[in-house]
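Numbered as in this note's numbering, the sequence shown ends at 466 without a single skipped number.
Glycine included, each C-beta is placed from N, C-alpha and C at the ideal position.
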Amino acid sequence: MAAKKILLSEEDVPKRWYSILPDLPRPLPPFIDPETKAPGVGIVPKIYPKAIIAQEVSKDRWIDIPEEVREVYRLWRPTPLFRATRLEKALKTPAKIYYKYEGVSPPGSHKPNTAVAQAYYNMKEGIERLATETGAGQWGSALAFGCMMFGLRCTIYMVKVSYQQKPYRRVMMEAFGANVYPSPSDQTESGRRILKEDPDNPGSLGIAISEAVEDALTHEDTNYGIGSVFNHVLLHQTVVGLEAKKQLEAVDDYPDVIYGCIGGGSSFSGLFWPFYYDKVSGKAEKDTRFVAVEATACPSVTRGEYTYDHGDTARLTPLVPMHTLGHDFIPPPIHAGGLRYHGIAPTISLLVSEKKVETKAYNQLDVFDAAKLFIRTEGIVPAPEPAHAIKGAIDEALRCRETGEEKVILFLLCGHGHFDMQAYDDYLSGKLSPYEYPKEKVEEAMQRLRSLYPWLNELKRYL
Ligand SMILES: Cc1ncc(COP(=O)(O)O)c(C=O)c1O
């Protein structure tokens, strides 16, 4: 009888994070300052602590995890790795399916792996408050939790449509001691400007980022915390993959393929980077494939252009080398709130362009069908975001049924869906429809970006 749940002990909480930067097939293209059209980081040093900036650009492969951070991690880490035996049986597949479950953290997802680290480094450098944006509310609850652990105050700009759809996430953030505003809000210049033009604006992650960054820029005691995209965030998530490797070793298995959902790319990177390291350092037992899954409603990597764009709507951030749907992207209100960001981590963009990472996009109806099968076999209600990875893993297992291959499939269940009951209600009562973001809208956004920066194509030489 195969082990169902593979556990590690507290001592197995990793002591170091792994950084992919020294192992990328080519150096990461620089950020560009749109004022000078040259490499530059703009406002970045004004809103992050020095330790985080050092990690963002570090060439070190291994970075020590401070003991104070490990101590908080131990509240829920190591997280379990499950063998999905009941799902395998239902699919009649010869494949073995494993999933790493991050929903056991107090806020319910992988996000506190970086939130706790960010709060710690800010506290160490004398910062008293962090400001941030949140979409689905997962990142907001994680940062509120991290700040609470290290005695910082926390201000959260929550995308208005999620604020309305997910009131209980807001309450959770408030229970952790944070102040939460629906974004666009009247708290910032950028929020007020948008509300004046369009009082019913549903908000977007890009707008909420503008508000949080502005808040940090205009208050001495306040820095900004980011939930995804940047290198240091992905770095902090590698505890996930490092543990998963050890857990698979314990049952003498190694993945042929790894699936993860991508909003900004942090959870998926956290899982696959340590396996990528095995591959580039010649230690891998197999030629593992890495597959990033996104929503057809927000197809940053599968339909977006690999170019330079701002990370936020108000264009406060420098130009970031990434696949983008345009910084003025207003996402359709699908339920996978965490996947509605217009861009993606520069490391993912580079690895996709070098064909080291494969991509897939699924519509929300197919994704919820997969989630339903998962719930009814494995018993865990997944967040809509990782349900995209479940769909990828199920399709792979079904292909194995056709070919007879006994592949080992690993995917990341990066959060539970206990706050997503409205989404499940809509799905179960037949109200969800499949949605694809039209190609023409991406082209229009790219034209707007080019008319803003007619020299944009010159930057392609960095990509
Ligand atoms: C549960 C969950 N999964 C995935 C994501 C997507 O982010 P990332 O790609 O950085 O993991 C989010 C973002 O909010 C999330 O809350």
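Item: Residue range of the beta strand (DSSP E) that includes residue 324; Value: 322-327
Item: Continuous alpha helix (DSSP H) assignments of at least 4 residues falling wholly in the region 258-339; Value: 269-283
Item: Host alpha helix (DSSP H) of residue 504 (start-end); Value: Nothing can be reported for residue 504: it is not among the residues displayed for the chain, which extend from 4 to 466.
Item: Reduced DSSP category for residue 411 - H, G, I as helix; E, B as strand; rest coil; Value: strand
Item: Cβ-Cβ distance between residue 321 and residue 35 below 9 Å; Value: yes
Item: Spatial neighbours of residue 148 in its chain, beta-carbon cut-off 7 Å, leaving aside the 5 residues before and after; Value: 109, 110, 115, 118, 179
Item: At least 3 beta-carbon pairs within less than 8 Å: the region 46-59 vs the region 123-130; Value: yes
Item: Inter-residue Cα distance where the pair is residue 359 and residue 293; Value: 7 Å
Item: Residue 188 Cβ short of 8 Å to ligand 3 heavy atom set; Value: Summarising the ligand content, the structure contains ligand 1 and does not contain ligand 3.
Item: Segment contact, 8 Å Cβ cut-off, at least three pairs: the region 263-280 with the region 225-244; Value: yes
Item: Exposure label - residue 60; buried when at least 16 CB within 10 Å; Value: exposed
Item: Option in 247, 332, 357, 415 with minimal Cα separation from residue 343; Value: 332
Item: Residue interval of the beta strand (DSSP E) (run including residue 157); Value: 156-162
Item: Burial state of residue 290, where buried means 16 or more other Cβ atoms lie within 10 Å; Value: exposed
Item: Contact belief for residue 396 with residue 383 at Cβ below 8 Å, rounded distance in angstroms; Value: At roughly 14 Å, the Cβ-Cβ gap does not stay under 8 Å, so residue 396 and residue 383 are not in contact.
Item: Residue 173 burial status per 10 Å Cβ neighbour count (16 or more: buried); Value: buried
Item: Residue closest to residue 157, alpha-carbon to alpha-carbon, out of 309, 163, 146, 97; Value: 146
Item: Residue span of the beta strand (DSSP E) that contains residue 360, given as start and end; Value: From DSSP, residue 360 is part of no beta strand (DSSP E); its letter is neither H nor E.
Item: From 280, 401, 275, residue whose alpha carbon lies closest to that of residue 25; Value: 280
Item: Proximity test, residue 50 beta-carbon vs ligand 1 heavy atom, cut-off 8 Å; Value: no
Item: Opening and closing residue of the alpha helix (DSSP H) in which residue 375 lies; Value: 367-381
Item: Local Cβ density within 10 Å of residue 217, reported as buried at 16 or more and exposed below that; Value: buried
Item: Continuous alpha helix (DSSP H) stretch holding residue 220: start and end; Value: 208-220
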